[in-house]
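Undergrad:
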Amino acid sequence: MSMRTPLGKVRGLGSARSGTEHFWHQRLTAVANVPLILFLVFFCVAHVGSSQADMTAAIANPLVALMLVFTIISITWHMRLGMQVIIEDYVHSEGTKLAALLANTFFCAAVALIGLFAVLKISFGG
Amino acid sequence: MAGTPMKERPLSPHLQVYRPMLTMMMSIVHRITGAGLYFGMALFVWWLFAASHSSAYFDFVQGFIGSWFGRLVLLGFTWALVHHALGGLRHLLWDTGRGFDLKLIEVLAKGNLIGSLALTLLIWIVAYMVR
Numbered sequence: 001m002s003m004r005t006p007l008g009k010v011r012g013l014g015s016a017r018s019g020t021e022h023f024w025h026q027r028l029t030a031v032a033n034v035p036l037i038l039f040l041v042f043f044c045v046a047h048v049g050s051s052q053a054d055m056t057a058a059i060a061n062p063l064v065a066l067m068l069v070f071t072i073i074s075i076t077w078h079m080r081l082g083m084q085v086i087i088e089d090y091v092h093s094e095g096t097k098l099a100a101l102l103a104n105t106f107f108c109a110a111v112a113l114i115g116l117f118a119v120l121k122i123s124f125g126g
Numbered sequence: 001m002a003g004t005p006m007k008e009r010p011l012s013p014h015l016q017v018y019r020p021m022l023t024m025m026m027s028i029v030h031r032i033t034g035a036g037l038y039f040g041m042a043l044f045v046w047w048l049f050a051a052s053h054s055s056a057y058f059d060f061v062q063g064f065i066g067s068w069f070g071r072l073v074l075l076g077f078t079w080a081l082v083h084h085a086l087g088g089l090r091h092l093l094w095d096t097g098r099g100f101d102l103k104l105i106e107v108l109a110k111g112n113l114i115g116s117l118a119l120t121l122l123i124w125i126v127a128y129m130v131r
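As structure tokens, this is what we get:
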């Protein structure tokens, strides 16, 4: 039996040291992604097969660049949260799980930073 | 617990003992499309990076993405994205405590599947018309 009071248990957000952030950020990015993915899909389908000049001209438009920035940030954050749940569900060995969670964060950060770098470089005139 | 010797515990029955149902398959497909999109985004930023790099490198990447195989991948990516988004909307509805009526769940699952195919087709037709 635990000797701790209910208030004591929730102070410091419990043994995991985190509260409902994971759930909330998943939903927050999910809501943001609904309009953003429509933009993403149209952008992709409209530019598949186009020349580099056409593609960079499109991204040079500040509105397109900003939409790409929003999309990349929201999607990669959502990706990291989602893959974390998949890993926690299926990988049970502690060492492999830790390695997979690290790889997940590195992968999502790399996707985000490469995407943002490319968009900003083109947008700023590179 | 790590390192604690333990006898083999009986396991509860897993997926294979259940008759496949539409709602269950939709749940599995939601996760699979999510994982697929995760790797698909790497292709997307590779494409963006190529555009920022040089004309020659972009032509190389576009040669892959613009090929029939690349377009097939993009078509699959579009469907996965739309399907995952519609599935996500169902989850947002459930988050409010609504939409748990069994008949409605079945309707939503079918709507999700048909909607994802119809919207994918619509997006490609519209995008090809405006380009």
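Read top to bottom, the protein sequences are chains S and Z.
Numbers 1 to 126, taken from the numbering used here, label the letters of the first sequence in order.
Numbers 1 to 131, taken from the numbering used here, label the letters of the second sequence in order.
By construction, the Cβ of each residue, glycine as well, lies at the ideal position given by its N, Cα and C atoms.
Would T78/Z pass as a contact of T120/Z if the rule is Cβ separation under 8 Å?
TA: Residue mapping note: residue 78/Z aligns to position 78 of the second sequence, counting from 1. Residue mapping note: residue 120/Z aligns to position 120 of the second sequence, counting from 1. Contact: yes.
Undergrad: Identify the contact partners of L92/Z in chain S, using a Cβ-Cβ distance below 8 Å as the criterion.
TA: Position 92 of the second sequence, counted from the first residue, corresponds to residue 92/Z. Here the neighbours are R27, A30 and V31.
Undergrad: For E94/S and L74/Z, I'd like the C-alpha separation in whole angstroms.
TA: Here residue 94/S corresponds to residue number 94 of the first sequence, with the count starting at 1. Here residue 74/Z corresponds to residue number 74 of the second sequence, with the count starting at 1. Those two C-alpha atoms are separated by around 36 Å.
Undergrad: Give the straight-line distance between the Cα atoms of M26/Z and L68/S, rounded to the nearest whole angstrom.
TA: The sequence position of residue 26/Z within the second sequence is 26, counting from 1. The sequence position of residue 68/S within the first sequence is 68, counting from 1. For M26/Z and L68/S, the distance between alpha carbons rounds to 29 Å.
Undergrad: In chain S, which residues lie less than 7 Å from L48/Z when you measure between Cβ atoms?
TA: What you label residue 48/Z is simply residue 48 of the second sequence in a count that begins at 1. Correct list: G115, A118 and V119.
Undergrad: Using a 10 Å radius around the Cβ and a threshold of 16 neighbouring Cβ atoms, would you call V82/Z buried or exposed?
TA: As a position in the second sequence, residue 82/Z is number 82, starting the count at 1. When all chains shown are included, V82/Z counts as buried.
Undergrad: I'd like to know whether the C-beta of Q84/S is nearer than 8 Å to at least one C-beta of chain Z.
TA: Position 84 of the first sequence, counted from the start, is the residue given in the question as residue 84/S. No, because no Cβ of chain Z sits closer than 8 Å to the Cβ of Q84/S.
Undergrad: What three-state label does DSSP hand D101/Z in the structure shown?
TA: What you label residue 101/Z is simply residue 101 of the second sequence in a count that begins at 1. Of the three classes helix, strand and coil, the one that applies to D101/Z here is coil, per DSSP.
Undergrad: Any Cβ of chain S within less than 8 Å of the Cβ of Q62/Z?
TA: If you number the second sequence from 1, residue 62/Z lands on position 62. For Q62/Z, the answer is yes, since a Cβ of chain S falls inside 8 Å of its Cβ.
Undergrad: Provide the residue span of the alpha helix (DSSP H) that contains V41/S, from first to last.
TA: Numbered from its first residue, the first sequence carries residue 41/S at position 41. Its alpha helix (DSSP H) spans residues E21 to H47.
Undergrad: Taking one C-beta from the segment 29-45 of chain Z and one from the segment 19-31 of chain S each time, how about it: are there three or more such pairs within less than 8 Å?
TA: Touching, no, given that fewer than three Cβ pairs across the two stretches are closer than 8 Å.
Undergrad: So with CB distances below 8 Å, who are the chain Z contacts of V34/S?
TA: Against the first sequence, residue 34/S aligns to sequence position 34. What V34/S touches in chain Z: A85, G88 and L89.
Undergrad: Could you give the distance in angstroms between the alpha-carbon of A85/Z and the alpha-carbon of V111/S?
TA: Translated into positions along the second sequence, residue 85/Z becomes position 85. Translated into positions along the first sequence, residue 111/S becomes position 111. For A85/Z and V111/S, the distance between alpha carbons rounds to 20 Å.
Undergrad: Starting from Q62/Z, follow the alpha helix (DSSP H) in both directions and report where the run begins and ends.
TA: Position 62 of the second sequence, counted from the first residue, corresponds to residue 62/Z. S55 to I65 is the span of the alpha helix (DSSP H), which, as asked, contains Q62/Z.
Undergrad: Would you kindly report the start and end of the unbroken alpha helix (DSSP H) that includes E8/Z?
TA: Here residue 8/Z corresponds to residue number 8 of the second sequence, with the count starting at 1. Looking at the DSSP string, E8/Z is not in any alpha helix (DSSP H), and its letter there is neither H nor E.
Undergrad: Does A57/S have its Cβ less than 8 Å from a Cβ in chain Z?
TA: Mapped onto the first sequence, residue 57/S falls at position 57. False, the Cβ-Cβ gap to chain Z never drops below 8 Å.
Undergrad: Between which two residues does the alpha helix (DSSP H) holding H14/Z run?
TA: By 1-based counting over the second sequence, the position of residue 14/Z is 14. First-last for H14/Z: undefined, no H or E at that position.
Undergrad: So which of L48/Z, Y57/Z, G63/Z and I65/Z has the shortest CA-CA distance to A57/S?
TA: The count along the first sequence starts at 1 and reaches residue 57/S at position 57. Of the candidates L48/Z, Y57/Z, G63/Z and I65/Z, the one whose C-alpha sits nearest the C-alpha of A57/S is L48/Z.
Undergrad: Along the chain, where does the alpha helix (DSSP H) containing F106/S start, and where does it finish?
TA: Numbered from its first residue, the first sequence carries residue 106/S at position 106. Here the alpha helix (DSSP H) through F106/S covers E94 to S123.
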